[in-house]
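K.L.:
Chains A and B supply the protein sequences, listed in that same order. Going by our numbering, the first sequence opens with residue 8, and the numbers climb by one from there. Going by our numbering, the second sequence opens with residue 8, and the numbers climb by one from there. All C-beta atoms, glycine included, are put in the ideal place defined by N, C-alpha and C. For reference, the structure I am asking about is given below.
Protein chains: 2
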Amino acid sequence: MNLEAFVLQSEGDWRCMRSGHSLAFRQFEEVLSHITIKRLSLDDPQVTDLIATADEPEGKPCSPFFMEWSAESDWEPDDPSLVSQGSCVLIPFPTNADEGFLLRSVGYAEAEQAIGKYSFLSDGTFTLTTPYGQSIAEERIWFVSEHVRCRSSVLRTSEGSGVLQTSFSSEVRRLSL
Amino acid sequence: MNLEAFVLQSEGDWRCMRSGHSLAFRQFEEVLSHITIKRLSLDDPQVTDLIATADEPEGKPCSPFFMEWSAESDWEPDDPSLVSQGSCVLIPFPTNADEGFLLRSVGYAEAEQAIGKYSFLSDGTFTLTTPYGQSIAEERIWFVSEHVRCRSSVLRTSEGSGVLQTSFSSEVRRLSL
Chain A
8 MNLEAFVLQS
18 EGDWRCMRSG
28 HSLAFRQFEE
38 VLSHITIKRL
48 SLDDPQVTDL
58 IATADEPEGK
68 PCSPFFMEWS
78 AESDWEPDDP
88 SLVSQGSCVL
98 IPFPTNADEG
108 FLLRSVGYAE
118 AEQAIGKYSF
128 LSDGTFTLTT
138 PYGQSIAEER
148 IWFVSEHVRC
158 RSSVLRTSEG
168 SGVLQTSFSS
178 EVRRLSL
Chain B
8 MNLEAFVLQS
18 EGDWRCMRSG
28 HSLAFRQFEE
38 VLSHITIKRL
48 SLDDPQVTDL
58 IATADEPEGK
68 PCSPFFMEWS
78 AESDWEPDDP
88 SLVSQGSCVL
98 IPFPTNADEG
108 FLLRSVGYAE
118 AEQAIGKYSF
128 LSDGTFTLTT
138 PYGQSIAEER
148 IWFVSEHVRC
158 RSSVLRTSEG
168 SGVLQTSFSS
178 EVRRLSL
């Protein structure tokens, strides 16, 4: 699996089941959501604007993409004000066939621009470690079939190695709209 | 990570938060449970008995262990009849430093003796694929710190590549009893 193939396979509309585990409180969260992933061209204004405003990592930009999500929490399914949604632009900067940096306009753990380090494991699993101001997010994404992918995350404190929460998302491609 | 180190690091008492995702029905399941893992010696009767009754895989047995779990479902927390518990004996048969077979007295997807194929990914993640009569289980386990590990599973039908359900467990070591 290389980066271009991974982005190509990720492109599309996904229905997600996501579980969050708050380890200290032993609390579960359940979220149903949709994710849309679209490839962008390198000269798309969203891409050139993000590169212009960011601390550009080493490597050359490759296979940028746009991600949009809308989630409905289990707590108040009838209260539309609690539906969380958002979008971000992501630009990989490969440094070799298996590794590189990922610049994103909006972070996962914190809503700020962020640069993470990605690498592919021996079976093609994509892993991403992103430092934020207060925390470090470790994500991994792997395809279990062409149309099903899994995504896990671990959030730990920047100081020390305390693990705050984990999450797991099962994502099924929506084949016809 | 080699097999012996993995079993050694897994030994102990773990408090688990487990989420199950039924993909076709978009249903969540939440389970709190305890797992205890203990190494066994190669001449323990539980080990020799299992080897005697099983179709022995290639390789030599190494680092056998015992696993015991008790789970409390979210559906009926006050009904003790619904607490699921069980135990099994697991015997790895390494074929090289990174791969081998795993014989277990009780299966994960089905309650029968089973032999799976394990391998370690480049970052030390343990992966295990076990064929059962009706299904194939793909599990992966990785340590995010010395005392926190994550475990995911994907269950698919033997015929075709339909993914039936996934699960994710966050496991925190109980340090003092």
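1) Let me know the secondary structure DSSP gives T132(B) once reduced to three states.
2) Closest to L97(B) by CA distance: which of R25(B), T136(B), N103(B) and I122(B) is it?
3) Would you grab the beta carbon distance between L128(A) and D130(B) for me? Rounded to a whole angstrom, and I think it's under 8 Å.
4) Name the DSSP beta bridge partners of C23(A), please?
5) Three or more beta-carbon pairs under 8 Å between the segment 10-25 of chain B and the segment 49-59 of chain A, yes or no?
6) Does any residue of chain A have a CB that is nearer than 8 Å to the CB of R158(B)?
7) From the DSSP output, which residues share a beta bridge with G93(A)?
8) Would you mind telling me which residues of chain B sit closer than 8 Å to V54(A), beta carbon to beta carbon, in chain order?
9) Please report how far the alpha carbon of R111(A) lies from the alpha carbon of C95(A), in whole angstroms.
10) Can you give me the C-alpha to C-alpha distance between R158(A) and V161(B), rounded to a whole angstrom?
11) If we ignore side chains and look at the alpha-carbon of each, how far apart do F73(B) and A31(B) end up?
12) Establish whether the CB of T164(B) and some CB of chain A are separated by less than 8 Å.
13) What in chain A is Cβ-close to L30(B), meaning under 8 Å?
14) Where does T102(B) sit, in a helix, a strand or coil, going by DSSP?
15) Report the three-state DSSP secondary structure of L110(A) (helix, strand or coil).
16) In whole angstroms, what separates the C-alpha of G140(A) from that of E79(A)?
17) Alpha carbon to alpha carbon, what distance is there between E146(B) and Y125(B)?
18) Please state if the CB of S142(A) and the CB of T173(A) are separated by a distance shorter than 8 Å.
19) Are the beta-carbon atoms belonging to V151(A) and V179(A) less than 8 Å from one another?
20) Relative to the C-alpha of P71(A), which residue among F13(A), T132(A), D105(A) and G93(A) is closest?
21) Please look up how many angstroms separate the CB atoms of G66(A) and F133(A), rounded, as I've assumed it's under 8 Å.
22) Is K45(A) closer than 8 Å to E18(A) when the C-beta atoms are compared?
23) Candidates F35(B), W76(B) and M8(B): which alpha carbon is nearest L171(B)'s?
P.N.:
If we stick to the structure as given:
1) coil
2) I122(B)
3) 5 Å
4) S40(A) and E178(A)
5) no
6) no
7) W76(A)
8) Per Cβ cutoff of 8 Å: no residues; V54(A) is ~30 Å from chain B at best.
9) 7 Å
10) 12 Å
11) 34 Å
12) no
13) M24, V155, S177 and V179
14) coil
15) strand
16) 27 Å
17) 9 Å
18) no
19) no
20) F13(A)
21) G66(A) to F133(A), Cβ: 16 Å. No contact.
22) yes
23) F35(B)
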